[in-house]
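Top line first, the protein sequences correspond to chains A and B.
Using the numbering used here, the first residue of the first sequence is number -14, and each one after it goes up by one.
Using the numbering used here, the first residue of the second sequence is number 549, and each one after it goes up by one.
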Amino acid sequence: MTSEDTSRLMQFSPILRCMNVLFIQVNGSLNGVRQVFRQQLGGVQCFMDYVLCRIDPLLSLQRDYAQVVSIGEETRQAKTFILRPSFLWKGFLAGQHIQLETEINGVRYRRFYSISSAPTLFAERGLISITVKKIPGGRISNHLHKTLRVGDILAIGKAVGRFICDQLDSEQLYTKSCREESVPIAENSKEVLFIAAGSGVTPFKSMLETLYSEKPERKVTLILYANRADELIFNIWLSQLSEQWSNFRLITHCGEQISLDSLRSDCPDMAQRAVYLCGPVGFMDKTIRFARELDVPSDTIRQENFGNVSRPSALVDAAGINLMLVEAEVLFTKTGKKIKSPGGKTLLELAEQSGLHPKYGCRRGICHECTCQREGGDIFNTLTGALVPKEQNRIQACISVPVGDLVVSDW
Amino acid sequence: MDMKTRPLGLLSPNELNAFGSELDQLREQVLADLGQRDADYIRDIVQQQKMCEIVGRTLIHFSLNPLLFAGGIAALSCAKILENMEVGHNVMHGQYDWMNDPTLESQSYEWDTVCDAESWRKTHNFEHHTYTNILGKDRDYGYAVLRLTDDVPWKPYHFVQFINYILLSALFEWGVGLHELEFEKLKQGKVSLKEKIPFLKRFLRKSGRQLSKDYLLFPLLAGPMAPKVLLGNGIANLVRNLWTSTIIFCGHFTAGAETFSEEECENETRGMWYYRQLLGSSNFTGNKWLHIMSGHLSYQIEHHMFPDIPAHRYPEISEQVKVICQKYEIPYNTDRFGKQYLTVLARVARYSLPPADSRWRMAGEKIRSFAGRKIFRFLPEYRPPVIE
Ligand SMILES: Cc1cc2nc3c(=O)[nH]c(=O)nc-3n(C[C@H](O)[C@H](O)[C@H](O)COP(=O)(O)OP(=O)(O)OC[C@H]3O[C@@H](n4cnc5c(N)ncnc54)[C@H](O)[C@@H]3O)c2cc1C
Ligand code: FES
C-alpha cells in the first residue's frame, strides 16, 4: 500500500469508524434479539418439562430420573438397587458414579453412589445398579434402605468421575472422543491391583465384570477389607468369579486393619501394578502411606474417596470452646483462593480480605444476597449462636463464621 | 415534628433486647419445625399457578365468546399474581432455600414481570427490608414519586400526586423494574448514568424477554386472533399491576405505619430492628384466599420481622407476635383490607397538600377546607398517630 492510499484511507477513517461502531451496535442488538429468542425457548422448554414431569418424571427432557426395577439384599447392611434411567441418560464407564437425589421431610439431599453393574447391562437392557451400605447414623443410606420400593422414581445425575479403568478398549475410545483432560494411560500390559474397604468394592464390581469380558488375559487382584465375614459385599459373586477366571485373585480380610505386612504379602509386586483404591478416608490415607513405603510410584495409584468418618465432636459442642475463635482456613474453589483466619471473622469478610468481591446487601442476615454454596466444613451462625446444620449447604456468608477448614464452591 | 422519633424511644434498651430475643426465639422455633408441610404447600401453589396459567392462556386464545375471554383474562391475571406474590416474592426472600430444590432457590429464581430478579433482590430484599421506612434510605417509601409525610418538602407538582399514584399503580411492574435506576438521584446528579449501565442492560434484557413473551410470542401463536391475545395479555398484566401495588401500599403507607430518620436508626440493635419493622408495617385481615393472593403480605408485620420464613406460616406466627406485642404494650397495626386501603388513599390525598405551616399555607388551607367538604368526604379523616 502506498502512502497515498493510506492517506486516502485516513480521510475515510471517521466514516469507517462510525460504520464500525454502527456495525457493532447492530450486531449487539441482534445478539440481544437472539438471546431473547433463546430465553423464550428456554421458558417454553421449562414449562413443557414441568407438564411432562407431572405426567411422568421419566419423560423429563431436562433432568434425569430413574425408576427402581428391583431390590436385592447383599448383606445385612447393603442393598443393591437396580435402576432404569430415563431415556436421556447417557451411559457410563465402569468405575463412575452418579448423584442420587432424595427428599426427606421436604428437604432434598444429594449423595453419590458408584455404579456396581457393568456398562454392558446398560447397553443391552438399559439397566444400572447401585449398592448402598447403611452407615450407622447415616441419613440417606438408611433412608434408602427403609423407604425405597420397586417402582419408585428417583432423580439422578449423569455418570461422572475419573475413577475408571483405562486398560479397557471401550474406555480408551471414550478417552479419545470426549474427555477434555487426559488421564495418564497406564501401560496396557500392567497388571491391576484393586484395594477396597466396605462399600468401596462397588466400583470394582463394575470394573471386574468389564475386565473379565473384555480382557480376561489381564492379571487382576482384589484385596477386600470388611469388619466381619458376613459384611463382605458381593462375596458369593466374587468367589464364583475367582473360580471361573484364573487370572483373578481374591483376598479378603475380615475384622483386620490394613497393615504394611499384610499388604506386602498380599501383593509383593505392588510397585509394578496399576493400583486402584476405594473406601473411607482413613483407610485410604493409611493405604497410601504403606504404598509409599513399598515404593509404589504415586502416579500409578488412583483413588476414589467415599466420604469422611465424622470428626470428633469434641470441638463442636465442648463447653468452654468459643467457636467464634477457632482458627479457620477457607478455600474458594472457583477462584482457587485460600485464606487463613485467626477466628471470629465472617466468611464474607474473609472473602473480601482475599480480594474477592462477592455480592452482599445488609451484612446482617436479612436479605440473603450473600448466599453461597459450602462444600464441606463447619460454620458457626452468629445469629442463632449455633453451628449451621450439616445438611444446609446454601449459607449466608455475612453471618457465617468458619470453624476449622471450609470449602466454598461459588466464589 | 418529634412525632416520629418518639415511638422508637418508647421501650428502654433492656426491654428492646428482651423483645428482640423473644422474637428470635419464635423464629428459631418455626425454623426448626420447617418440613414436609411447607414443601407440599409451595409445590401445591406452584402447581395451581401453572394450571391457572394454562387455563388462562388457552381461554384467551380459543374463547369464542366474551365471557370465556374474560374468564381467560381472570385466570391469567390470577396466575401472574400468584406467581409474583406467593411464589416469586417469597422464594426470592430465601424462604424455601432450605429445601435444596433448584427450582425454588432464592438466588437463581426469575419471575414473571419486567423487573429483573437480580435487581429486585438488591432493591427489595436488601434496601427495603434493611432500611424499612427510614426516610432517605428506603426508596420504597413513596417510590420517590409520592409524598406521604410532611418530612418530605412539598412541591407544587404534589398537587397532582393522585394521578401519579394511579399511574404508578397501573405501571407498577415498570416502576419496580426501573427502581434501581434511582431516577431522582440521577436528576440531582448524585449518581451518574454510567454507573447504571450494567443495570440498564439487565433491565432491557429482562423486559425485552417479558414483552416478547406476552406481546409477540403468544399473539403470534394465535395467528389471526393475535389482537385478541394481545389485548388479553395486556389486561392481565394491568390487573396484576393494580392488585400488587394496592397490596404493597397497604403494607407501609397506612395511617398507623411510622417512618423513621437515619439518625434514629444508627447503631441499631436486633431488638430495635424488629421494633422498627413492627412500627413501619401494617397488616390487614381477610379470608384464606385474600392472604394467598396477596402472597401473605397481608401479614406484612410478620413478613418484615421474618422475611425468610415461609409466608404461609405467618398466620400462625402472628398469633404469637400479637401476644408479645401486648406484653410490651406495642401497637399492632391491623384492620380490614378495605379500611386499611382507605387510609392509604387518605394519606396520598392528605400529603398532596402542603403542610399547614408552610408558605403555601394560605393556598393549602383553602384547598384543604374545600377538599374536606366536597371531594374527599367519603374518605375517613386522616389522623397522624399520636403517642402519649
Ligand atoms: C464418589 C463417591 C462414590 C460413592 N459410592 C458409594 C457406593 O457405591 N455405595 C455406598 O454405600 N456409598 C457410596 N458413597 C458414600 C455415599 O455417598 C454416602 O456418603 C453414604 O451413603 C453416607 O450417606 P448418609 O447420608 O447415610 O450419611 P450422612 O448422614 O451424610 O453421614 C453420617 C455420618 O457418617 C459419616 N460418613 C459419611 N460417609 C461415610 C462413609 N463412606 N464411610 C464412613 N462414614 C461415613 C459422616 O461423616 C457422618 O458422620 C460414595 C461417595 C462418593 C463421594
Ligand atoms: S448480606 Fe444480607 S444476608 Fe448476608
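Where a beta carbon is used, it is the ideal one built from N, C-alpha and C, also for glycine.
Note that this is a predicted model, so its numbers are computed, not measured.
Asked	Found
Beta carbon proximity, PRO746 of chain B to chain A, threshold 8 Å	no
ILE83 of chain A beta carbon less than 8 Å from that of GLY142 of chain A	yes
Check: TYR98 of chain A C-beta below 7 Å from any heavy atom of ligand 1	yes
Neighbour list for GLN597 of chain B in chain A, Cβ cutoff strictly below 9 Å	Those do not exist, as GLN597 of chain B stays about 11 Å from chain A at its closest Cβ, beyond 9 Å.
Any C-beta of chain B under 8 Å from that of HIS342 of chain A	no
PHE291 of chain A vs PRO327 of chain A beta-carbon contact at 8 Å	no
Close-in-space but distant-in-sequence residues of the same chain around ASP698 of chain B (CB under 6 Å, 5 per side omitted)	PRO903
Three-state secondary structure (DSSP) of ALA303 of chain A	Because the pLDDT of ALA303 of chain A is 42, which lies under 50, any placement of that residue in the model is unreliable, and the number read from its coordinates should be weighed accordingly. Correct three-state label for ALA303 of chain A: coil.
Contacts of ILE351 of chain A in chain B (Cβ-Cβ under 7 Å)	HIS677, THR678, PRO855
Exposed unless 16 or more other CB atoms sit within 10 angstroms - verdict on PHE610 of chain B	exposed
Residue interval of the beta strand (DSSP E) (run including ASP363 of chain A)	356 to 366
Through-space distance from ASP254 of chain A to GLU172 of chain A, alpha-carbon basis	For GLU172 of chain A, the predicted model reports a pLDDT of 46, less than 50, meaning its position is unreliable; a value from the coordinates is still stated below. Their Cα atoms are separated by approximately 16 Å.
3 or more residues per run - each beta strand (DSSP E) lying fully within the segment 195 to 237 of chain A	205 to 211
Runs of alpha helix (DSSP H) lying entirely within the segment 249 to 276 of chain A, each at least 4 residues, in chain order	none
Residues in the segment 758 to 775 of chain B having any Cβ partner in chain A nearer than 8 Å	SER760, LYS761, LEU765
C-beta neighbour in chain B for GLY123 of chain A, strict 8 Å	no
Touching by the beta-carbon criterion (3+ pairs, under 8 Å), the segment 229 to 241 of chain A and the segment 269 to 279 of chain A	no
Interface flag, GLU216 of chain A vs chain B, CB-CB below 8 Å	no
Beta-bridge pairing of GLY370 of chain A - partner residues as DSSP gives them	GLY370 of chain A pairs with nothing; no bridge assigned.
Any non-hydrogen atom of ligand 1 within 7 Å of SER184 of chain A CB	yes
TYR822 of chain B - containing alpha helix (DSSP H), residue span	818 to 828
Beta carbon of GLY780 of chain B nearer than 8 Å to that of GLN848 of chain B	no
Cβ shell of LYS119 of chain A (< 6 Å), same chain only, five flanking positions each side left out	GLN62, SER126, ASN127, HIS130
Cβ distance (whole Å) where GLY185 of chain A is taken to contact GLN81 of chain A below 8 Å	Not really, about 15 Å apart at Cβ, beyond 8 Å.
Three-state secondary structure assigned by DSSP to SER760 of chain B	helix
Per DSSP, the bridge partner or partners of ASP239 of chain A	Sequence check: residue 239 of chain A is Cys here, not Asp. The partner list for CYS239 of chain A (beta bridge, DSSP) reads A:ALA211.
CB contact check: ASP302 of chain A to chain B, cutoff 8 Å	Confidence at ASP302 of chain A is low in this model, with a pLDDT of 44, below 50, so its placement is unreliable and the value that follows should be read with caution. Chain B, which has no Cβ nearer than 8 Å to the Cβ of ASP302 of chain A, makes this no.
Candidates B:ALA587, B:ARG591, B:GLN573, B:ILE796, of which the one nearest MET633 of chain B by Cα	B:ILE796
C-beta neighbour in chain B for LYS288 of chain A, strict 8 Å	It is worth fixing the name first, because residue 288 of chain A is Gln in this sequence and not Lys. Answer no: the Cβ-Cβ gap between GLN288 of chain A and chain B never drops below 8 Å.
Residue burial classification, CYS239 of chain A (beta-carbon count within 10 angstroms, cutoff 16)	exposed
Unbroken alpha helix (DSSP H) run spanning LYS703 of chain B, endpoints	Run containing LYS703 of chain B: none; DSSP gives neither H nor E here.
Run of the beta strand (DSSP E) containing GLU314 of chain A, from where it starts to where it stops	313 to 317
8 Å Cβ cutoff, ASN654 of chain B in contact with chain A	Note that residue 654 of chain B is Ser in the sequence shown here, rather than Asn. True, the Cβ-Cβ gap to chain A drops below 8 Å.
Cβ-based neighbour list, LEU716 of chain B, same chain, cut-off 8 Å, excluding 5 preceding and 5 following	TYR691, VAL693, LEU694, GLY723, SER793
Cβ-Cβ separation, SER654 of chain B to ASP645 of chain B (assumed contact under 8 Å), whole Å	5 Å
Where GLN709 of chain B falls: helix, strand or coil (DSSP)	helix
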